[in-house]
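First residue of the sequence shown: 3, per this note's numbering; consecutive thereafter. C-beta: ideal position from N, C-alpha, C; glycine also.
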Amino acid sequence: MNIVKHLARISLSASLMVLAPVSLAQSDLDLENEDVRIAYSIGVNIGQSLVAQGLLEGVDIDSFVAGIRDVVSDDIGLTQEQMVAAIQTFQERITAQAEEQITASRVASEEFLRQNAEQDGVVTLDTGLQYLVLTEGPSGGASPGESDSVLAHYHGTLPDGSVFDSSVDRGEPAQFGVSQVIAGWTEALQLMKVGDKWRLFIPAELAYGDNSPSPAIPPGSALIFDVELLEVR
């Protein structure tokens with residue numbers, strides 16, 4: 003992410019914030035006042051966006067708010083060059099931290115899969131995909147092809163047991179194309195037959211790799227899915 007561009011996008015909204023002392027707390031605000039509620043809501047909106055993107059981790063909040071106030075009062079204490087250099091340093095820190103997290107996640111996932119491969123009943127395929135048959139469907143059940151769609155129930159967790167997605171919890175199975183899901187699913191579904199329930203252990207390279215689609219899934223993480231194949235459509 004280009005933080006300079008991101009900060010530029012929010013600068014207009016930031017300029018609408020109430021000019022209050024940096025140390026002003028929520029308890030000091032009259033949230034029944036319409037203007038205060040507007041300004042407070044804008045601040046919350048900006049803050050939620052930055053927190054969701056991890057851009058406030060390690061940032062001194064008082065200094066951050068002081069910077070906004072100085073923009074509005076047109077009394078900025080640093081030159082443009084100094085601020086660009088500071089933001090570049092911040093970007094480099096974020097990048098380094100992300101790379102460290104990805105490396106740690108990959109190492110932990112690879113160790114988990116190595117140990118998991120030794121568990122009774124776990125089958126490891128040439129691609130690195132692992133599976134454990136939990137329930138076998140009836141003999142002669144259909145297996146989907148890559149061009150088919152399926153109806154399935156699934157429950158997805160990280161190696162530590164954290165749930166990140168579950169049709170089971172939602173109480174409604176999902177329909178999707180066999181070729182429209184992560185590679186580990188595409189491979190496994192074509193080996194399953196209707197009625198089968200397997201536990202899939204999917205290496206990061208057969209899942210989302212280093213490009214996580216959700217904050218609930220660390221980049222570089224292996225994934226575990228309990229998958230029950232209900233229908234081939």
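query	result
Only counting the same chain, and skipping five residues up and downstream in sequence, which positions put a Cβ closer than 6 Å to that of THR159?	VAL165, ILE226
ALA10 to ASP228, Cα distance in whole Å?	Since pLDDT at ALA10 reaches only 39, below the 50 mark, its modelled position is unreliable, and the value read off the structure follows with that caveat. Rounded to the nearest angstrom, the two C-alpha atoms are 44 Å apart.
Suppose you measure from the CA of VAL24 to the CA of ALA224; what does that come to, to the nearest Å?	Summary for VAL24: the model assigns pLDDT 44, below 50, so the residue's position carries little reliability; its value from the coordinates is reported in the next sentence. Cα to Cα, VAL24 sits roughly 43 Å from ALA224.
So, LYS195 versus LEU231, is the Cβ gap smaller than 8 Å?	yes
Return the chain-ordered ranges of every alpha helix (DSSP H) run that is complete within the stretch 96-181 and spans a minimum of 4 residues.	169-172
Does the distance from the CB of SER181 to the CB of SER149 come in under 8 Å?	yes
Please classify LEU202 as buried or exposed, where buried requires at least 16 other C-beta atoms within 10 Å of its C-beta.	buried
With which residues is VAL234 paired in a DSSP beta bridge?	VAL152
Checking 8 Å against the spacing of the C-beta atoms, do PRO221 and SER145 come in under that value?	no
The alpha helix (DSSP H) that contains ILE48, what's its start and end?	36-54
Could you tell me the alpha carbon to alpha carbon distance between ARG71 and GLU94, rounded to whole angstroms?	26 Å
Would you list the residues sitting across from ASP72 in a DSSP beta bridge?	ASP72 is not bridged to any residue.
Could you give the distance in angstroms between the alpha-carbon of LEU14 and the alpha-carbon of ASP76?	Because LEU14 carries a pLDDT of 36, less than 50, the predicted location of this residue cannot be relied on, and the following value inherits that uncertainty. Whole-angstrom Cα-Cα distance: 14 Å.
In angstroms, rounded to a whole number, what distance separates the CA positions of HIS8 and ASN118?	Its pLDDT being 47, under 50, HIS8 is placed unreliably in this model, and the coordinates cannot settle the point.
Thinking C-alpha only, which one of ILE104, GLU34, GLN121, TYR133 is nearest TYR210?	ILE104
Is DSSP giving LEU191 helix, strand or coil here?	helix
Starting from LEU33 and walking both ways along the beta strand (DSSP E), at which residues does that stretch end?	That residue, LEU33, is in no beta strand (DSSP E); it is neither H nor E in DSSP.
What's the C-alpha gap between VAL74 and ALA68?	10 Å
Where does ASP228 sit, in a helix, a strand or coil, going by DSSP?	strand
So what's ILE184 in DSSP terms, helix, strand or just coil?	coil
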